[in-house]
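In the numbering used here, the protein residues as written are 45 to 261.
From the three backbone atoms N, C-alpha and C, an ideal C-beta is built for every residue, glycine too.
First comes the structure, then the notes that go with it.
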Ligand SMILES: [Mg+2]
């Protein structure tokens, strides 16, 4: 394993969390909404406007996260993987061999996440080192100073230090983000792509002289 550290997000990166909340809202409130006003996951085109999208039905951003967190507390088995869990399992295992890999989440129920991962064949030590919840910590993921982040949250782009790199997991609400060189932001559409890119980066980094310009193509 190298000295490079990798943080992998859960909600919206491994877990189809927003889809679950949207389904829940349609079940709860769908009858009160006209067909064309029903919630549709693909209409959430801006992460920062998730709140605005639901506000028209009286769902505040806090309500949204309360629903999400309640699901993790009460029924984590309802969460699906965004990708085929087998592919995620294979690639996380590879990543954890190459990098010091942690699952890092703002979610308040890391124990339930751990069980959910286990039930899908993703195990502590084999696929990741630790599950870290920052829910009550009052700090950002970037404060933990990982070298690499796999995450769907576009707001991380503006919080990264120059030596951080973000693999932005593509979701409808972050498609407007542009790739850039430093701090490095690269869009990915699967954990397999993340694995391929990170191994390439690591090989480049391993060959760099101390004063080389990082990632210069
Ligand atoms: Mg996320």
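Exercise. Tell me which same chain residues have a C-beta within less than 6 Å of the C-beta of residue 156, skipping the five on either side of it?
Worked result: Position 112 of the chain shown, counted from the first residue, corresponds to residue 156. Closer than 6 Å at the Cβ level, and outside the excluded window around residue 156, lie 116, 120.
For this session: Grab the span of the beta strand (DSSP E) containing residue 177 for me, first residue to last.
Result: If you number the chain shown from 1, residue 177 lands on position 133. Unbroken beta strand (DSSP E) run through residue 177: 175-177.
Exercise. Is residue 61 helix, strand or coil by DSSP?
Worked result: One-based indexing of the chain shown puts residue 61 at position 17. If DSSP states are grouped into helix, strand and coil, residue 61 belongs with the helices.
For this session: State whether the segment 175-188 contacts the segment 212-224, with contact taken as three or more CB pairs (one from each stretch) at a distance under 8 Å.
Result: Because the criterion of three Cβ pairs below 8 Å is not met, the segment 175-188 and the segment 212-224 do not touch.
Exercise. Regarding residue 199 and ligand 1, is the C-beta to nearest heavy atom distance less than 6 Å?
Worked result: Translated into positions along the chain shown, residue 199 becomes position 155. No, the Cβ of residue 199 stays beyond 6 Å of every heavy atom of ligand 1.
For this session: Would you decide whether residue 56 is buried or exposed? Buried here means 16 or more other CB atoms lie within 10 Å of its CB.
Result: Here residue 56 refers to the residue found at position 12 when the chain shown is read from its first residue. Around the beta carbon of residue 56, a 10 Å sphere encloses 16 or more other beta carbons of the protein chains shown; the residue is thus reported as buried.
Problem set entry | residue 43, DSSP secondary structure in three states | Coverage of the chain is limited to positions 45 through 261, which leaves residue 43 absent and any answer about it impossible.
Problem set entry | Helix, strand or coil at residue 53 [DSSP, three-state] | Position 9 of the chain shown, counted from the start, is the residue given in the question as residue 53. DSSP places residue 53 in coil when its eight states are reduced to three.
Problem set entry | Any 3 or more C-beta pairs closer than 8 Å across the segment 85-93 and the segment 104-112 | Between the segment 85-93 and the segment 104-112 there are fewer than three C-beta pairs closer than 8 Å, too few to call the two in contact.
For this session: Please check the pair residue 232 and residue 201, which I expect to be a contact at CB under 8 Å, by giving their CB distance rounded to whole angstroms.
Result: For the purposes of this step, residue 232 is identified with residue 188 of the chain shown, where counting begins at 1. For the purposes of this step, residue 201 is identified with residue 157 of the chain shown, where counting begins at 1. No, residue 232 and residue 201 are not in contact; Cβ-Cβ is about 14 Å, not under 8 Å.
Problem set entry | C-alpha gap between residue 87 and residue 71, whole angstroms | As a working note, residue 87 is residue 43 in the chain shown. As a working note, residue 71 is residue 27 in the chain shown. Roughly 17 Å separates the two Cα atoms.
Exercise. Going along the chain, which residues of its own chain have a beta-carbon closer than 8 Å to the beta-carbon of residue 74, five neighbours each way excluded?
Worked result: Counting from one through the chain shown, the residue named residue 74 turns up at place 30. Excluding its 5 nearest sequence neighbours in each direction, residue 74 has C-beta neighbours in its own chain below 8 Å: 82, 83, listed in chain order.
Exercise. Taking the C-alpha atoms as reference points, what is the distance between residue 158 and residue 168?
Worked result: Residue 158 sits at position 114 when you count from the first residue of the chain shown. Residue 168 sits at position 124 when you count from the first residue of the chain shown. Between the alpha carbons of residue 158 and residue 168 lies a gap of roughly 8 Å.
Problem set entry | Member of 248, 210, 52, 234 whose CA lies at the smallest distance from the CA of residue 334 | The displayed coordinates of the chain run from 45 to 261. Any statement about residue 334 would go beyond what the structure contains.
For this session: Give a single yes or no on whether residue 226 has its beta carbon closer than 6 Å to a heavy atom of ligand 1.
Result: In the chain shown, the residue the question calls residue 226 occupies position 182. Because no heavy atom of ligand 1 lies under 6 Å away, the Cβ of residue 226 does not count as near it: no.
For this session: Go ahead and label residue 190 buried or exposed: buried means 16 or more other beta carbons lie within 10 angstroms of its beta carbon, across all protein chains shown.
Result: Working through the chain shown from its first residue, we reach residue 190 at position 146. Burial is judged here by how many other beta carbons sit within 10 angstroms of a residue's own beta carbon; residue 190 has at least 16 and is buried.
For this session: For the segment 194-260, list the beta strand (DSSP E) runs that are entirely contained and at least 3 residues long, ordered along the chain.
Result: List check, beta strand (DSSP E) in window: 209-213, 228-232.
For this session: Thinking residue 53 and residue 250 are a contact (beta carbons under 8 Å), I'd like their distance in whole angstroms, please.
Result: Here residue 53 is taken as the residue at index 9 of the chain shown, counted from 1. Here residue 250 is taken as the residue at index 206 of the chain shown, counted from 1. Residue 250 and residue 53 do not touch by the CB rule: their CB atoms are close to 25 Å apart, not below 8 Å.
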